[in-house]
Amino acid sequence: MALLQISEPGQAPDPHQRRIAVGIDLGTTHSLVASVRNGVAECLPDHDGHVILPSVVRYLPGQGRQIGHEAVAAAAADPQNTIASVKRFMGRSLNDVVNADKLPYAFVNKDKGMLSLQTVQGEKSPVEVSAEILATLRFRAEDTFNDDVFGAVITVPAYFDDAQRQATKDAAQLAGLNVLRLINEPTAAAIAYGLDNGSEGVYAVFDLGGGTFDISILRLTRGVFEVMATGGDSALGGDDYDEALAQCLLAQQGAQAITPQDKTQLKAAARQAKEALTLQSDVSVNVDLSGHSITASISRAEFEAATAALTLRCMSAVRKALRDAQLSKDEIQGVVMVGGSTRMPQIQSAVANFFDKAPLNNLNPDEVVALGAAIQANQLAGNDTAGDLLLLDVIPLSLGIETMGGLSERIIPRNQTIPTAMAQDFTTYKDGQTALALHVVQGERDLVQDCRSLARFELRGIPPMVAGAARIRVTFTVDADGLLSVAAKEQISGVEAQIDVKPSYGLSDDQIATMLKESFTTAEVDMKSRAIVEARVDGERMLLATQSALNANGDLLTADERAQIEQLMQSLRQAVMTEQDAQTLENVTTELAKGTEAFAAERMNHSIQKALSGQNIQSL
Amino acid sequence: MWLRRIISRVISLQANDFELFGMPIQFAMTRDVLDVRWKELQREAHPDRFAVEGAAAQRIAMQWSVRINEAYQRLKDPVKRAAYLCELHGAPVNAENNTAMPAVFLMQQMTWREALDDIQTQAELETLLSEVQRTHQQALIDMAQAIDDLGDYSAAVGQVRALMFIDRFASEVRHQLDVLLD
């Protein structure tokens, strides 16, 4: 830890005001945490100097758990309690998991379609397992800086649907992290790449990770990263290449892997062979299965043949994204390769052949996502006031509502820039109908049964009218994290209903609260003292924000308005210093928030007007 | 004098798309200018700019940012922009209630649909698509004339309906192409 931090020009002048902001790449096979230190983004190492944390959690009998390298070492001996690639189960039901029978875990189908894993410590949801990984990274950052983490930007595959995003946010909350933003992995990679290379123009980011594949087409102009289209497959990655190679080995030898130990051993051997084939043209494989052992030799050509269908799936998603962006492939200036799986020679050559140019591999494909997330976190936390980075990302999959006959009526089409809100009017189909059931779905298919079901809710109390007379406006809102909320309002009577789409797969706030109570984050800490500490931090944060707003735009207020706000600030300052009850303190903070709402609106109007009038002067 | 009026104008969430973007209320538009303004507005209003300023600021930023994106989506698409101009000038398109089209136009649509049903190869699909795109381009030229030169909004409404048909057909052709390529 440096004793004296010297801040860069344009960055927060007072080092004590610098907030610790981190970027976290929560990956299928491994996870990283990065932060901007002295103006440079870097991945933070653990005590042993490793920046990569394998995304593996082992539950031990009793209380303990092992996370990362230790868990990997134990996987073969204790496969059922050692959860790897949990990201593939996030926001998923058992039905969604392809090849579940080839995995060594004891799955449990939970109500509302959510899956859990049976371990020696009882049932664990994918959200809980992911939270263990996130908390490990949070502690790593806190140890590094000897300070609390102010907030985190967490990356998700661009092709993650609403349920998967919500599950990721829930996991972060469970790990005690303040989520500044969820951002898409390829976008994060583009930030790290673009800022490093001062690039302008249209780039494709080809991101093949352990369990997910994303392709994003971005336009980079003066600090603005505009995603033009995104596509991919949230269940296609290096894991599938391992599995295909494993099956190829078994078929070649006429062998079978039956026990959980067999499956884990075989998978590990396949992964090693895959990695070796990046540099060698053939490799020999030895696996001890129960009863017999396999010794085989596999050539790169055999590996490529066994996985050709997977590579084709990647390239077909690339073509679709280009079509969505309405671009031809020669309009792409460069293809940035991200994710460890892009090291495979067949991927490198498929991309090079398709775009007819060599892909860009000059950043470490394992680290680039976390680095980009750290840069964005640093800016969101307000540490980089001179920063002019702006992300304009899109939703990957269309959002719609079920209509008569099981058809999906699209309300927000895919590749729409977020945040966005769109509305569609519906009506009743029966005379005197007083309620309407709304079923929110996501996906590109026309039939609801082929789309992902996100939420169901009801609009009740519609006054009886003849069929077709009611005007029900359904509004979909997607926020900057890519998360959806839905509202329905009957226009004539004003009856309304709304839902934050906590998908059937996600967790309710109550569940999170209960889990927080029971979980590691509170095991050693007294719940109450934690709550008051958090309430103080929130209060201080609110005071700081209000003060900086007053400094910047105090002139927008009348003397009376300003006096009112200052009085609320004074009460909060007092409460932060002396109040012992968390709830009371939160209430005082909320009062200041409410009292400054009009001021916030005024500031926003002011800044938009400033932007507009600046342009008008130029263009006249 | 009018210079001062523009600058002191209060832009509210209720301002129309053109006012919001500070652009003249007309059909003709330079896409580059629109794109630059969109990004400049988002730079001011995007929720990311207010990430540490509390829930109220986030909510208001989100409203603005959503409004800016809504206007951008409408302005950048020539058919939506034209429909919007018709509506602003008291001639709503009412696409769902009014589907009457000239016989010549309907004949052409039928010919295209029959052609699409018979087509087998990628090359044939691409030929059809480029013909559809040519028709689309010509309709846009006619639209610009109807709105900007003649102020004839009832003619423009007819062009908007025709373009909606053309675009729907074009997306069906593209869909067939997707199916063939995948």
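Residue numbers (the numbering used here), protein chains in the order written: chain E, 1020 to 1639; chain B, 411 to 592. Even for Gly, the Cβ is constructed at its ideal location relative to N, Cα and C. All values derive from a computational prediction rather than experimental measurement.
Chain B within 9 angstroms of residue i, Cβ atoms only
i       : result
T1422/E : no
S1218/E : no
G1401/E : yes
T1447/E : no
K1339/E : yes
N1434/E : no
D1407/E : yes
S1335/E : yes
P1080/E : no
D1200/E : Checking the sequence, you will find Arg at residue 1200/E rather than Asp. Cβ-Cβ to chain B under 9 angstroms: yes for R1200/E.
I1437/E : yes
Interface flag, residue i vs chain E, CB-CB below 9 angstroms
i      : result
R453/B : yes
E534/B : no
Y482/B : yes
Start-to-end residues for the alpha helix (DSSP H) that takes in residue i
i       : result
F428/B  : 427 to 430
I1366/E : 1364 to 1374
H1049/E : Looking at the DSSP string, H1049/E is not in any alpha helix (DSSP H); the run it does join, the beta strand (DSSP E), is 1049 to 1056.
M1356/E : From DSSP, M1356/E is part of no alpha helix (DSSP H) but of the beta strand (DSSP E) over 1353 to 1357.
Y494/B  : 488 to 498
L1193/E : 1181 to 1193
Three-state class that DSSP yields for residue i in the structure shown
i       : result
Y1260/E : helix
P1205/E : helix
H456/B  : coil
E1323/E : helix
A580/B  : helix
A1440/E : strand
V1304/E : strand
E1509/E : strand
T1615/E : coil
G1573/E : helix
M1423/E : coil
I1317/E : strand
H546/B  : helix
L1255/E : coil
P1032/E : Residue confidence for P1032/E is low, a pLDDT of 41 falling below 50, so the modelled location carries little weight; the figure read from the coordinates is stated next. Of the three classes helix, strand and coil, the one that applies to P1032/E here is coil, per DSSP.
I1277/E : coil
V1388/E : helix
E1463/E : coil
Y1212/E : helix
H1458/E : strand
F1169/E : coil
Y1448/E : coil
A1223/E : strand
F515/B  : helix
S1472/E : strand
M1623/E : helix
S1312/E : strand
G1250/E : strand
R1037/E : coil
F1244/E : strand
L1296/E : coil
A1542/E : Low local confidence applies: a pLDDT of 41 at A1542/E is under 50, so the model's placement there is unreliable, with the coordinate-based value given in what follows. The answer is helix: DSSP assigns A1542/E an H, G or I state.
Closest by C-alpha distance to residue i, when choosing among the options
i       : options                            : result
D980/E  : S1074/E, S1472/E, A1486/E, N1100/E : In the structure displayed, chain E extends from 1020 to 1639; residue 980/E sits before or after that span and is not available.
D1252/E : V1221/E, R1238/E, P1279/E, Y1178/E : Y1178/E
R1319/E : I1481/E, Q1299/E, A1336/E          : Q1299/E
D1233/E : Q1586/E, G1358/E, S1309/E, V1076/E : G1358/E
E1605/E : A1554/E, A1582/E, D1343/E          : A1554/E
A1103/E : Q1085/E, T1439/E, I1277/E          : Q1085/E
R453/B  : Q1365/E, D1407/E, L1269/E, M1588/E : D1407/E
P457/B  : T1439/E, P1384/E, S1312/E          : T1439/E
F1373/E : A1223/E, G1573/E, L1285/E          : A1223/E
A1327/E : L1214/E, Q1365/E, C1470/E, A1292/E : Q1365/E
H546/B  : A580/B, E429/B, A525/B, S475/B     : A580/B
N-terminal and C-terminal residue of the beta strand (DSSP E) that residue i is part of
i       : result
I1491/E : 1491 to 1497
L1689/E : Because chain E spans 1020 through 1639 in this model, residue 1689/E falls outside it and cannot be assessed.
R1238/E : 1232 to 1240
A1060/E : 1059 to 1062
Neighbour list for residue i in chain C, Cβ cutoff strictly below 9 angstroms
i       : result
L1196/E : Chain labels in this structure do not include chain C; the protein chains are E and B.
Contact test: residue i Cβ vs the ligand FAD heavy atom, cutoff 8 angstroms
i      : result
L573/B : By its list of ligands, the structure shown contains no ligand whatsoever, and the ligand FAD lies outside what it can speak to.
**Prompt:** Hey, which unbroken runs of the alpha helix (DSSP H) at 4 residues or more fall wholly within the region 1075 to 1146 of chain E?
**Reply:** 1088 to 1093
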